[in-house]
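Residue numbers for the sequence shown, in the working numbering: 122 to 598.
Glycine included, every Cβ here is placed at the ideal spot set by N, Cα and C.
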Amino acid sequence: MFSDLREFLEALEGRGWLRRVSEPLSPELEIPEVLRGVVYGRGPAVLFESVRGFPGWRVVGNLFGSLERIKLALGVGELEEVGRRLLEPLSAPPPLTLVDKFRAAVGLFELGRYAPRAVRGGPVKEVVEEAPNLLSIPAFRSWPGDAGRYITYGLLVTRDVRGIYNVGVYRIQLLNEREAVVHAQIHKRAAELFSSSGGCVEAAVVIGGDPAFLLSGVMPTPYPLDEYLFAGVLRGAGLEVTKGVATDLYIPARAEAVVEGCVDVGDLRREGPFGDHYGVYDQGGLYPVFKAKALLRREDPIYYGTVVGRPPLEDAYMGKAVERVFLPVLRFLLPEVVDLNLPEFGLFQGVAIVSIRKRFPGHGKKVMFALWGLGHMLSLTKIIIVVDHDVNVHDLNEVLFAVAQRVDPQRDVVVVPGAHVDVLDTGSPIPGYGSKLGIDATRKLPEEYGGRRWPEEVSPDPETAARVRAVVERILG
């Protein structure tokens, strides 16, 4: 567990996974271009020690551009461990006796160790600017056609009427010293809060922090789970939070910087265009305005920013982390699921491949519709391919073989019209509204195969294969 971003950077550098850049570079186009080249080259994290035009700030990028770095950030050997932590209180059988009930209560108490811990101060309060200037933050202009500079990995913190905290990553376009537009897409939790609220909703934009907290912002945490609590589950311990100075919100005490303010749900402004992960300029739309009230920061803050574009960039690795973390949860909800692949070129919500242990006719279709019904996890996925348990979902050639061998389009392909899709999806005719495709590439049972049994699949004679193995190995050298 790392207490803050700086501890994580020390760990990365100690492993040779961080490089420092001393020459002055601008956050407008230059630093983003360097980061794209490094990520495409599957390179290390990069710390820019001189940011032109922004004295006192440093910039870091590509923190999570490999699964090994993400595992280090979360302190796990395999990412599925995190998902299993979430399920700990749910995995025990229902309590029947008084002793069982006591044990269940202890299990819930253990989950409480991940709850946030309030502290009085914290490094984020080393400098408090009550007249904040958003333009003093080295936010990126990533592409030449972008509408301006964007905070690309600011974690927007809000709280609903029940006191449940939401933490999410939203692109935030800087307008002037005090105002910025929050791209709160309709399917996000913050957008739901804004649509049911009036006036100016208290909010904070967090820049930098411990790596597990940063990753929590991209996880599809199901409501009503408090996202500070979920961040604690990712970290393996509760997050330190401190009361804001301009809002009634608790904010991460060890963040690099926090902008406090409110989101005026009645003040909608044009946001975009912005070069997004679909590899095109998203034209944006009308979104609410964040109005800054205070800037809290460390004396020497480090800005963490990401760049997006055609994959695989850093968000592709984050998507793979989401896939692995939530696989145990998916298996808990759908026990027939064996494995899941969100291919890096599938744009995270574009394509999902899932393998199942098939038991009955129509099982493949049952699973695809269940996945589409899983709220924030997979509800926006455009194309789902279901394969048998013995297909390696991470080997696209195996998947293509299953599709080519086992699919009859009329029987096994499902098109769902009039469906909610990702607002950023360039393929849909209307932003946020299009269709979905399901492909059942499992072997067919007799009821699905005209009463016939699935053909016997070829396999070598084991004795012959063993006898000639040495010859094969010698030929292959």
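Neighbourhood of residue i by C-beta, 8 angstroms cutoff - its chain only, sequence neighbours within 5 removed
i, result
"Ser318", "Val386"
"Val401", "Thr547"
"Glu201", "Arg445, Val446, Leu448 and Pro449"
"Lys309", "Gly289 and Tyr291"
"Tyr408", "Val302, Val303, His304, Ala305, Leu389, Arg390 and Glu392"
Beta-ladder partner(s) of residue i, from DSSP
i, result
"Leu407", "Arg391"
"Ser476", "Asp460 and Val508"
"Tyr271", "Phe261 and Gln294"
"Tyr425", "Val181"
"Asp385", "Cys321 and Val410"
"Val535", "Gly559"
"Ile372", "Thr363"
"Val203", "DSSP, once it has assigned bridges, lists no residue as partnering Val203."
"Ala378", "Ile328 and Arg418"
"Leu208", "Beta-bridge pairing links Leu208 to no other residue."
"Lys238", "The sequence given here places Arg at residue 238; Lys does not occur at that position. Paired residue(s): Glu361."
"Arg280", "Tyr286"
"Ala312", "DSSP, once it has assigned bridges, lists no residue as partnering Ala312."
"Leu146", "Val172"
"Glu300", "Lys412"
"Gly396", "Tyr402"
DSSP three-state assignment for residue i, whether helix, strand or coil
i, result
"Gly555", "strand"
"Ile285", "coil"
"Ile307", "coil"
"Asp561", "strand"
"Leu139", "strand"
"His541", "strand"
"Phe469", "coil"
"Val579", "coil"
"Lys222", "Residue confidence is low: Lys222 scores 44 on pLDDT, short of 50, so the model does not pin down where it sits. Its coordinate-derived value is still stated next. It is helical."
"Glu170", "coil"
"Gly353", "helix"
"Val249", "strand"
"Tyr161", "helix"
"Gly440", "helix"
"Thr585", "helix"
"His484", "helix"
"Val339", "coil"
"Arg190", "helix"
6 angstroms CB neighbourhood of residue i in its chain, flanking five on each side removed
i, result
"Arg270", "Ala260, Arg262 and Leu295"
"Gly329", "Leu126, Ala376, Glu377, Ile423 and Tyr425"
"Arg157", "Val428"
"Ala352", "Phe334, Ser337 and Leu360"
"Ser549", "Val542 and Gly555"
"Glu247", "Arg419 and Glu420"
Distance, residue j Cα to residue i Cα
i, j, result
"Glu154", "Glu298", "25 angstroms"
"Thr342", "Leu276", "14 angstroms"
"Leu597", "Ala587", "16 angstroms"
"Val159", "Ile272", "20 angstroms"
"Asp561", "His510", "13 angstroms"
"Pro265", "Leu461", "36 angstroms"
"Pro237", "Leu207", "16 angstroms"
"Gln470", "Leu501", "6 angstroms"
"Tyr371", "Thr363", "5 angstroms"
"Gly483", "Ile293", "44 angstroms"
"Pro244", "Ile258", "18 angstroms"
"Ala437", "Phe185", "9 angstroms"
"Arg140", "Val508", "42 angstroms"
"Ala226", "Gly233", "Note that Ala226 scores 46 on pLDDT, short of 50, meaning its location in the model is unreliable and no value can be drawn from it."
"Leu346", "Ile285", "8 angstroms"
"Val131", "Tyr274", "Before going on, a small fix: residue 131 reads as Glu here, not Val. If you take the alpha carbons of Glu131 and Tyr274, they lie about 21 angstroms apart."
"Leu463", "Glu435", "14 angstroms"
"Leu468", "Ser316", "27 angstroms"
"Arg205", "Val197", "12 angstroms"
"Asp221", "Glu457", "Residue placement at Asp221 cannot be trusted, given a pLDDT of 48 that sits under 50; the coordinates are not used to answer."
"Arg173", "Pro148", "8 angstroms"
"Gly571", "Pro552", "41 angstroms"
"Trp178", "Leu146", "12 angstroms"
"Pro165", "Val278", "29 angstroms"
"Lys503", "Phe453", "23 angstroms"
"Ala413", "Leu355", "29 angstroms"
Cutoff 7 angstroms; reference residue i; Cβ partners in own chain excluding five residues on either side
i, result
"Leu455", "Val488 and Ala491"
"Val512", "Ser476, Glu519, Val520 and Ala523"
"Leu193", "Ala132"
"Tyr399", "Leu468, Leu545 and Thr547"
"Asp397", "Asp403, Val429 and Leu545"
"Ala312", "Ala305 and Gln306"
"Arg573", "Pro567"
Test: residue i CB closer than 8 angstroms to a CB of chain C
i, result
"Gly338", "Given the protein chain composition of this structure (a single chain), no chain C is represented."
- request: State whether the region 373-382 contacts the region 414-429, with contact taken as three or more CB pairs (one from each stretch) at a distance under 8 angstroms.
  value: yes
- prompt: Contact between the region 531-539 and the region 553-570: three or more CB pairs below 8 angstroms?
  reply: yes
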